[in-house]
Structure formats: structure tokens, C-alpha cells
Amino acid sequence: MTEEPGRVVLRATDVRKEFRMGDATVSAVDGVSLSVNEGELVAILGASGSGKRTLLGLLGGLDNPTSGRVEVGGVDITSMSEGELAEIRNEKIGFVFQFFNLIQTLTAVENVELPIQFSRNGRSHSRKRAEELLSLLGLDHRLDHRPGQLSGGEQQRVAIARALANGPDLILADEPTGNLDSGIGQAVLQALLDARTQTGTTLVLVTHDSDVAALADRSVTMKDGVLID
Amino acid sequence: MRVQLLFYVRHALRSLQRERRRSLFAVFAIAVGVAAVVGLQTLSLSIGDSVTEDIQATHQGDIVVSTRNGEPFPQEHMAALDALVSRMDPADSAWFLLPNPDRPSFIAPAGEASVLQWFQPYLVEPDNYPLYGELASIEPKDVPVRQLLNSPGDVVLAKGIASRLGVSVGDRVVIENSGTFEITGLVSNQASGGVFAPYFVPPMPWFAYMDVKDPTARETFKVEGNQASVLFVKTRTDAEAQTLARDIEATIWLVERGALDDRPDGNVFVYLPAPTVDLGDRVRREIESLTGVANVVEYHVFSDAKLLLPRGRQGPTEGGLVQTLIAAEPMPAAVEMAHGRDLGPGDKGSPVMVMGGFEALLGESAAGQLGSRRDIAVNGRTVTLEVVGVTAGDLPVQDAIGESALLAPLGAIDPSIPRSSISFLLTVPETDASDAAARLARAFPGIVAVRADSPAAIVAARDFILGDGSPIEVETAAARLPEIEDTTDVLGKVIIVAGLVSLAIGGIGILNTMLVVVGRRTQEIGVLKALGLKGRQVTLLFMIEGLVLGVAGSVVGILVGIALSIALTGVGEQFLQVDVGWKLQVAPIYTGLVVGIVATTVFGFLPTLAASQVRPNVVLQSQGTAVPRTGRLVSLLVVIVLTAVMGLVATVFLSNPVVGLAGAYGALAVLAVLTIVLIGLVWVVGKSPSFGSINLKLALRGMSRQKGRAASTLLALVIGIFAMASIVMLGDTLKDLADEISEDAVGGNVLLMIPQADVLTIQRASEAVSSLNSINNVVEDHQYEDARIVAVNGETGRRWGSTMVARRGVPEQGPPSLSEGRLLEPSDEGKAVVVVGSGVAEDLSLEIGDTLTFDIGAHRVNGELVGGRETDLELVGITVEEWPATGGFSDDGGFIIPIGGLDSLFTPTNAFFIMTADESDGPAIAEELTRAVPGAIAMETRTVAGVFKDILDRIAVFPMVLSALALFAGAVIIANSVALATMERRRKIATMKAVGAKGSRILTALLLENAIIGFLGGAIGVALSMIVLVVMNRLESDIPISPNPVSVALVLVVAIGVALGAAVISAWPASKEKPLTVLRYE
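Heads up: the sequence lines are chains A and B, in that order.
Per my numbering, the first sequence starts with residue 1, numbered consecutively.
Per my numbering, the second sequence starts with residue 10001, numbered consecutively.
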């Protein structure tokens, strides 16, 4: 990473997302503006239904906002085509989900390899890179296990390794410990933080757990689709 | 790219393996269609191969000569053919006789007259028949039939008829209630050659071989002298076959025209029709090179020459007289000239002509033509010739070539003017004539060279050349090949279309499978997209998965198809009555692979396209969401393109792009409409009350949850059931029709038939019939074939030929309606009166009271009817309709007279007693009459209908198998969609179990759901086929609609059974699943 510290990696400007529910229009995200600097750990807090998960989706280019602007690494992703978005997600962003979302048919190492194989470069070393990452997360003995053969904590660590695979500028984590027992959750969170320390990646995580939020450099809180800080 | 592709393939394989059951059903869905295509195509190719590979064996000879109607050759044809055959190697020809071409023959086990069975007797020359291949028995094993027909009374039966009669080798049978035979062997049911034989043989395994020279057989079938209906000939080369065939045909034609009677010396007539006139010079050179040619006359004919009006008479010469202009070299022999002189050798090349037959045309002014120079327009050019003579009668060449004509020396006409035809008349030594004709015919395909021994022969030959119908059929094996190939080609196409229908049904399975696959994996697609996979890459990923299914399905389908083709070979053999040697065919394997993969791609494409539309944000939801819909326009475009692809695949088989594409789009339209209707039906049924039954409620909800899938499953079932119901119901209808027709046509329920009746047998029959007291009505008919009205009130000119029936009694269904005059009465017996149908009366303008002169019993000799005797009858009545045909074997009505209306010198062709008795007495009466009247055949008329029903049963086997295949494809679809439904509903099922539902309840609800689908599918299929029957009835009112309720019920039971059976296979494991497994890991 050659950028100087303090550079903005993620910027959302007056982002709105509306859903139509029958005749009514519901604003899940209602004019949110947020910027995250390089290397920063930002926690987005909020109760269920506050719109924090929808916001995460918009920040990661998983969905398009109804209005507003999202920039990743200084590039506006709101006006991008599906294909361009796919490339951004592949190269610039890593995702960690609450329900792990590993591909059930692939082994741990193959799951981690996946984003590297989808990327435009670095495919030849995908296996080596995946093994390194899994080893970093303490899973070097579980490389060839399928998700069904791994515990929840192990699955989430595989997911973290997968998020790190292409060395993204930004990791977006959606309740990464939400589906885990507190002890295991703690360990997984630690692994995520360690990995972040080692790679210097920016991390935005959605949580409703204030203990998790306490570890963040900065916390923002959402309520009814609006950031209330 | 390679790495990504590897990933796609690996991912696809793992996914398929992970959901083994779903993959298995998808593979089955494709496999069943591919198996149908491969199996049926292999069968059709095997059939094609077996009939074309050894065309001589199929055709039973290089040349087959037969009469057009299956009757034996007339004696004079026989003599001419015999003369031809006598010049050949005795082993190169075989005579074959069908003794009763126009009625069935009957066979019964000795001593059991009531076990009567219709059959087709084949009287053969065992030493020579068949000329190609070996006709060997299956019991005793592999003994040539020639060794089994050694002694008088030996018969070899087809296996089919032996099992029907319950007889075996060594048993005795009575044929035609006359001759007793001993069964010396059984041959396979395919031994007759079947539908490809040159004569009509119904596809029946009921035939028997006897020796045509066996006195017992000859006595039984009343064979006199030298009789045959088919002549098989073996030749060395195709060319020889072609020449000989032509020679035979021409010879018979000459015989027919009486032209072989007078043969001054051995002449050969060579004719070059219009397309071959350019060969004239080469033919002339070839003729000159023949040895022993004594004389050659060459004629060039300009058939539409126009004799223009004399110059100056009428301005530009517009008008004129169309005439044939003949240019000859040398000039034909002199004829009597009316005016002027004959043409002679001195006129060679001079612009002169003789006007043939113009004396009659011009009368006294004919003499004035002499010396005039006349213009003749010939094919756009003008030739000017001086008239040197006019004949009173026809020109001598007229017999050879044309009507009254203009005759000029050959050199007078510019050789560049196109000829209409060229003829040569050669005089060669008698012994060389045939060879010379054969050599010329061989050397110049398209020209005709025949022996023609007299002017009459030449006329006959010319008429023959010009294409008048020949009385016989002469076919060479080589010429038959394209025809057989056409037949097998059509058969192959029908078969392939049936296979493609199965494949389309299988395609529905793939469509459903892929939709579920995509639906279940939206979460996974979301993850892949979140990781950076693009939409088209997702499509590709799923396409590869579909492709793997397609390849696997095709491979399984090919293997099953090969097995199927082996099984179907037997059915095909029965259906076509040919030996179909099964062998592994390569083409269907490629076909199966291609159509399997194409069908998978085509049917799986839309769902995979939908997969690419999955939004990546679904990963943020904990539950998978439904498959997103592809845009309507895109879907429509894709469907149109994909249908075109299917159409092109069909084109490959049908070799007609228009038919292929039209068929594909037509099928698409029909399927679309049906699907919409079925979706509506599913919606309606889903809304119906459940009457408090929780199982029914679950079933109805389950069905209406996925209306599209329920509808497509229904569709698959409807197609199969429709095919099956149509065949079953049409069969029922036709069988009822057969009963009705036979009762109606015969006019009673017991029939006594006396073939080739003699007075004594008729008398004996009459006594036997009158001694029976259980009979309610008797009609006695004496049939006189070949009766013709030759004069009305003594005036000749009005003619009408038909069958005459002398009748005593009134048929059960009453007399025909009267138009004029009166019907016959008992008091008419012995009177010379006649009643005719209104058709005859109108055509000949007959009136009651007219005296009709009939010629009865004539037969054709040398083209003339001879041997008949004339008698006068008074017309007393004209009926509106034709009366019931005698004995049910002839329906041409004709003339009806009282018995005794003809004197005893006329002998009837056949006689019939038609009786009505109580149904239960029928067998006893038939048995009694059989015993009492040797040579007569007594049977219940049901037997006749029974024959027809048996024929139907046999014919129905093959379509039945095809419809069963379609139904099987439907069953696989049901199993598939139930499997998919249970997979989709795993969570729901697990939850239900978690709240206390037992496995049996889950199963019951699933089965109920599919029983409803089965019932609906069955009912719609049956209803559709009823509609087809009604439409057929409207178009052809003779077909009554009488579906048998038992058959309808049976078809419904089959439909429900198929649906339930298929559902159980898939639903059983689902109902057994532990809820925790699903709830924790799904």
C-alpha cells in the first residue's frame, strides 16, 4: 500500500435506498453520508431493521442505491455496469457474512482460491496464496475439508481468508460473529483483527454487539435508515 | 481462462454429486428422450438395412412378375411367360401361386371344425423357392422347407397360425373343409417377406406353404393346369434384369394385344422417344454393327407438323392442317396410289412427298394436289415439298408409327430440325432377334428395343411405349430399391418424430430441474457474484452444469436406447413381418449425443439466463429467494431462437428445413397454449375446497404453489396419455365397426361358403341347411362373377359389367329400398327377371320392362372377352341403394336375379348360405354344416370380424409401444418434479415434522397431490383423444364413436398409477428424512 495514511478509501454521499412494498415505498437507507479512511476500522451499529445491512450492501456494490453516490478508492461505483461492479468486488473489496456463505461443494482451500481465480491476474499462485491465508488463520490442517465438515468458527475463518484472498483495500463484514458462540466469536473476531493488522486493510463491520464496536477506531449508529452518530 | 473453466467444470461436477438424487432424475429425464431417439433410430436403420442390404432376398428375386390384382395369370400370359422361362436355367425362376386372391382361405385342426382360422395359402415350387436366401423351419430346427414338402398333403405352417390353432408338427389339419394335410414343419412369422413383398400380404403371421404340384393341394384349391400369380426370376446382373424385365413386359403386352400370333420373321422394333432422339446416329451405327441384319427401315417422325395452306391463297400462310410428317429411308413398300406415283429409291434426298390417306380427306380435289409445292411448318422451320402422289388408304408405315400422314424421303428434311421420335425396324434372323433387342436396349438407356414380329406387334409395342397400362407388373429388385428406401425412410421419420416427442417431454424435465437448481442456489450465486463473478460467467457456470447433465443423460440414454432397440426389434418384426437383423448402428449414437446435449442446452438455457440475473445482495439475506425473472422480451427472443435450434435439429432428421422449423414452432405454439390452459386448470383445482382434509389441503396447496411446474408435469403426462388413449380408443372403435360391418355386410350370423360351387355341393348344402331347425332366416346366394349387360332391348352399345347374384330369401336387415318397379318375390323363382341398382339404370337409361342381354362367365383371351354365354332378362325393379354384398366378401352390388333365373348351363362362381340363428347356436350350426358339406366352409360371421380385430391388434402393437415410450417419459418427468418439489420443500417438510407431522402424512399429501395430477392428466388426455375421434367422425361419418368405458377407465388408472408410482420413488426418501438434518444445515 503506497497511499499516504488518511486517504479516503470509502466515501458515501447522501446515499438512499428505497424499496417498494406494494403501494408503499420504504426508505431502508435515507440519505447516509460516510467516509472511511485507509486502515481505519469502522463499526456500524444499529438495531434490527435499522438499515445497516442494506447500507453495507450499497457500500460493497452488491446493490445500487436509489440515489446518492458511493466511491471506493476514489472511484464512483454507483454508475458502474454489472461487469465493472463485479471486478471492483473481486479486486477491491472482501466480504465476510454472518452465515459464512461458503460454497458447499468446494473445500476450504478451494473456497479461498475462488476470488483469485476470478481475478484478472495472479491466478497461477492461487493455491499457494490460499494456503498461506488459511495457515495465517490457523486452518492449515483443514485445507481439504468441505464447509459441512468444519465448525462454525472454522467456516467463518475460511470466509475471512476468502475475503483477504485478492488483498482488497476494504473488507466489509456483516455480523461476522453473529452466528457464533461468544467464545468462538471472540476468537474469530481476533483473527479478523489480526489479519487486518498484518495486511493493513480497511475494515467496516456491521454489528449490534457493543463489545465488538468497542474494538473499532470509530463507531457510527444507524436508526431508521439514518446515521445518528 | 483455463483455470476458470476448470473451476466451472469442477464446481458443476461437485454440485451434481452433492445433489445426487436431483442429478439422477435430471439425467433420467434426458436419458429417456435420448433412449427413445437412439432406440427408434437404430430400429429404423436396422429395418432399412435388412430390407435393402439384400434387396434380392427381400424382393425374392431380381425380377418379380405379378398380376395387378393378385389373380393368377391368364392362360395366354402363362404360356408366354412359360416360353420365356423355358429358355432360362431351371434354377433361375420360381412360380408362386396365391390360390384364392379375392377371399380368405380357412384352416382347422382335423376333427375340430369350429376352431376355424383364416390364413393365406402360398403354393410354391419348393425346389426353387425362394430364389435367394433360405426358407428354413424353426421346428424342426433349420430344415429347408423344400425338404419338408415331400409327399402329398404336406404343409408347413407359420408359427403364428399353428399356435392359434393349437397344433404342432405331426398334427393334421383340414384346409378349406376339403383337403387333409399333415404339418411337417413350422416357419417363423417373418418368413413371408411381409409388406415389402410385391403382392399384397397383410402383416399377419397366418400363412402356410404347400407344394404347387402336390395333388392334395391342387385338389383342395381346385388348381387346374399351369397356374401361378407370381413369377420370381433370378438374373446375373442388374442390366440383364432390366432388359429381361422390359422384354417380359413387352411380350405380355404383345400377347395381350394378340400380336404374337402372326410372326413372319424375326423383326426388332427400336424406338427413340423425344428425349433420346439425339442418339439417332449412334443407334444407327450400332444397328449397322449387328450381325445378320437383313434390312433396316428408319423413320423420323415430326408429330406436330403443319401443312400450310397453298401460297397466295390467303395472304401470309396463317392457317393449316396439323399432320404428322414422316421421313423414311428406305421408302416402305408400295401401296395402292389413288393419284400420282409411289416414292422409290430414285427419290432419295429429293424434296417430294406422298400425301397418305388424303384421298378420303380431299375427295375429288385430291388429284389437284399433284405437282403442287406445299409448305410444311416443322418445329418453327418451313420445309417445301412437291406432292408426287396421293394414296387412297393409309400409308404402309402408318401401322408402324402414326395416323394418316405425309411421307417424304429422309434426305428431304434438314437434319437439324428436331425430331419428335425416331424408329428403326430391323429384320434379323429369328434366333438373333431377342439378343439384338437386348443389346440395343442395354447400350442406350432410355430407348426401347423389343422383338416385334408383325405390324400389329409394332403397334402394340408403340402403345406400350407410350405408357398405356400394362396388365401385369414387372419389377426388378434394383428398381425397387429406391422405393423400399423411400418406404423405410418415411417409416424412419415417423419413428424419429415419435422419439423427438419423448425428447421434448424429457426437455420439460430439464427445464424444471434447472429452474429448481437455480432457485435453490440463489444464495450461492449471490456469493459468487459478491466475490466478483460476472453475470455471463454465472450463466456459463450453470450451462456447464446443464451440459454435464446433458452428456451424462445422453450417454445413459444411448446405452438404454441400444437395449431398447434390441427389445423393439421383435416388435418391429411383428409389425412389418420382415426379419430385422439387429445390429449396432453408429449414426444413432451420434444423434443421441447431439440431440441430448442440444435439448439440455435449449431447455436449460432460460433458467441459467435467470441465474445470471440474481442480485448479489441476496447474500445479505438469511433465506434464499426465488429465481429472478428474465425480462419478457429477452425470454421471448430466447425462446424463439432456441425453438429455431430445435427446429434445425429436427431438420437434420426430416431433411426438410421448412417442415422442421414449422414443426418446432407449431409444437411450441401448441405447447404454449396447452401450458396456459393447464396453468389455469391448476389454479382452479388449487382453489377447490379440501373438505376439512388436511392431507387434501396440503396436496392442493402444494400443487398450486408451483403452477408452472404442475402444468408442465401435467403436459408431459397428457401427451403420453393422449397418445395411448387415442390408439386404444381408435382400436375399440374400429373393432366395433368390424362387428357392425360383418353383421351388416353378411346379413346373418352364420355363413356357409361354397367356393367354386358345383351343383352337387350346392344341393347338399341346401339340404343340410334346411334340415337345421334352429335357424330363423336363410338367404341363399349364387354368385356369377363377370356378368355384363351387352345389349338393351336388342341394341348393343350400352355396356355395364358387375357381379350377378341369384338370390333366394330376404336378408335379415330387410330388402333394399325400391326406386322403381318391384323387388323380387318368391314367385319369381325360375323366371328370367332382374333387379338392378339405380347407378346402372341411370347410366344406361334403363326403364322397367326393358330386356337386358347379359353375357355371363366370359374371360379375357388375347385382349378379347370370350367364352361367355348370353341370356336375356327382363328388368322388373330398380333399387335406390346397393344391396348387402354376398358373404361379406364383395361389395359391388351388381345385378340380382331369382334363383333359377339362369339356366343350369351357367355355373355360379361361388355360393353362399347366410343364416340367422340364436347367437349361442352359432358354433354348433357351423360345426354341423362343416361336417355335412365337404368342400364348403361354415363359420360364424364373427370369425370374419375376428380376423379384422386380430389384424388391428397386431398393427396397434407398434404405435402402442411408441405411446408407452412417451408415457414413460411422462413418468420420469413426474418422478423428477416430485423429487424437485420435495427438495424445494425440505425445509417446509422438516418444519412440519418438527411440529409433529408423521412421515406417512407427508407421503400421503405428496401422493395425493400426484394422484390429482395423474387423474387430471389422464382425463385431459382421454378427452383430447375423444375430441380427435369426434373430429374424425365429422370428417368421415362412417367412423362411429364408441369408446369402450372399460378402456377409458383403464387409461385413467394407468395415468394415476404412473403418476403415483413415479411420485413414490421420489417422495419416499423425502418423507423419511430427519428434520434436524434439514433445519440445521439448510
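Where a beta carbon is used, it is the ideal one built from N, C-alpha and C, also for glycine.
Short-range partners of chain A found in the stretch 10018-10033 of chain B, where Cβ spacing is below 8 Å | ARG10018
Minimum C-alpha distance to ILE10508/B - residue among ALA10158/B, GLY10663/B, ILE10973/B, GLY10380/B | ILE10973/B
Could you give the DSSP three-state label for ASP10435/B: helix, strand or coil?
-> It is helical.
Residues in its own chain within less than 7 Å of SER11047/B by CB, not counting five upstream and five downstream?
-> VAL10728, MET10729, ASP10732
Contact with chain A by GLU10573/B, beta-carbon distance below 8 Å | no
Can the beta-carbon of ALA11005/B be found less than 8 Å from the beta-carbon of GLY10561/B?
-> no
Pull up the DSSP beta-bridge partners for HIS10339/B, would you.
-> VAL10390/B
How is the beta strand (DSSP E) around VAL10173/B delimited, first residue to last?
-> 10172-10175
Is there a Cβ from chain A that is less than 8 Å from the Cβ of GLU10524/B?
-> yes
Check whether the Cβ of THR105/A lies closer than 8 Å to any Cβ atom in chain B.
-> yes
Give the DSSP-derived three-state secondary structure of SER10050/B in the structure shown.
-> helix
Among SER119/A, GLU87/A, GLN190/A, PRO65/A, which has the Cα closest to the Cα of THR78/A?
-> When only C-alpha atoms are compared, the closest one is PRO65/A.
Taking the continuous beta strand (DSSP E) assigned at LEU10279/B, which residues delimit it?
-> Per DSSP, LEU10279/B belongs to no beta strand (DSSP E) and is neither H nor E.
Does VAL10548/B get closer than 8 Å to chain A when you measure Cβ to Cβ?
-> no
Local conformation of SER10423/B per DSSP, three classes = strand
Could you give the DSSP three-state label for TYR10132/B: helix, strand or coil?
-> coil
Among residues of its own chain, excluding the 5 on either side of GLU10812/B, which ones have a beta-carbon nearer than 6 Å to its beta-carbon?
-> GLY10747, GLY10748, ASN10777, THR10916
Report the three-state DSSP secondary structure of PRO10351/B (helix, strand or coil).
-> coil
Just tell me which of GLY10133/B, GLN10147/B, SER10114/B, THR10909/B has its CA closest to the CA of ILE10175/B.
-> SER10114/B
First and last residue of the alpha helix (DSSP H) that includes GLN10763/B?
-> 10759-10770
Report the residues of the stretch 10506-10534 of chain B with a CB closer than 9 Å to any CB of chain A, ordered along the chain.
-> Within the stretch 10506-10534 of chain B, those residues whose Cβ lies closer than 9 Å to any Cβ of chain A are, in chain order, GLN10523, GLU10524, GLY10526, VAL10527, LEU10528, LYS10529, ALA10530, LEU10531, GLY10532, LEU10533, LYS10534.
Is there at least one Cβ from chain A nearer than 8 Å to VAL10957/B's Cβ?
-> It does not; no Cβ of chain A falls within 8 Å.
Within the stretch 10518-10552 of chain B, note down every full alpha helix (DSSP H) run reaching 4 residues or more, in order along the chain.
-> 10522-10530
Exposed or buried, ALA10367/B, counting other C-beta atoms within 10 Å across all chains shown (16 or more means buried)?
-> exposed
Nearest chain A C-beta to SER10635/B closer than 8 Å, yes or no?
-> no
Whose C-alpha, out of GLU110/A, ARG218/A, GLU84/A, is nearest the C-alpha of GLY10534/B?
-> One point to set straight first is that residue 10534/B is Lys, not Gly, in the sequence displayed. Among GLU110/A, ARG218/A, GLU84/A, the Cα nearest to that of LYS10534/B belongs to GLU84/A.
Using the beta-carbon count (16 or more within 10 Å), is ILE10676/B buried or exposed?
-> exposed
First and last residue of the beta strand (DSSP E) that includes ALA10080/B?
-> Counting along the chain, ALA10080/B falls outside any beta strand (DSSP E), though it belongs to the alpha helix (DSSP H) covering 10075-10086.
For GLY10821/B, which residues does DSSP report across the bridge?
-> GLY10877/B
Buried or exposed: GLY10888/B, going by 16 or more other Cβ atoms within 10 Å of its Cβ?
-> Reliability of the predicted coordinates at GLY10888/B is poor, the pLDDT of 40 falling under 50, and no value is obtained from them.
CB-CB length for VAL10685/B against LEU10698/B, believed under 8 Å = Between LEU10698/B and VAL10685/B the Cβ distance is about 14 Å, and since that is not below 8 Å, they are no contact.
Which class does GLU10019/B belong to by DSSP, given the choice of helix, strand or coil?
-> coil
Can you give me the Cβ contacts of PRO10126/B inside the same chain, cut-off strictly under 7 Å, excluding the 5 residues immediately before and after it?
-> VAL10145, ARG10146, LEU10149, ASP10211
Would you verify that the beta carbon of ASN90/A is, or is not, closer than 8 Å to some beta carbon of chain B?
-> It does: the Cβ of ASN90/A has a partner Cβ on chain B nearer than 8 Å.
In chain order, what residues of the same chain have a beta carbon less than 8 Å from the beta carbon of VAL11119/B, not counting five sequence neighbours either side?
-> Chain B is shown only over 10001 to 11082; residue 11119/B falls outside these bounds and no answer can be derived.
Please confirm if LEU10620/B has its CB atom under 8 Å from at least one CB of chain A.
-> yes
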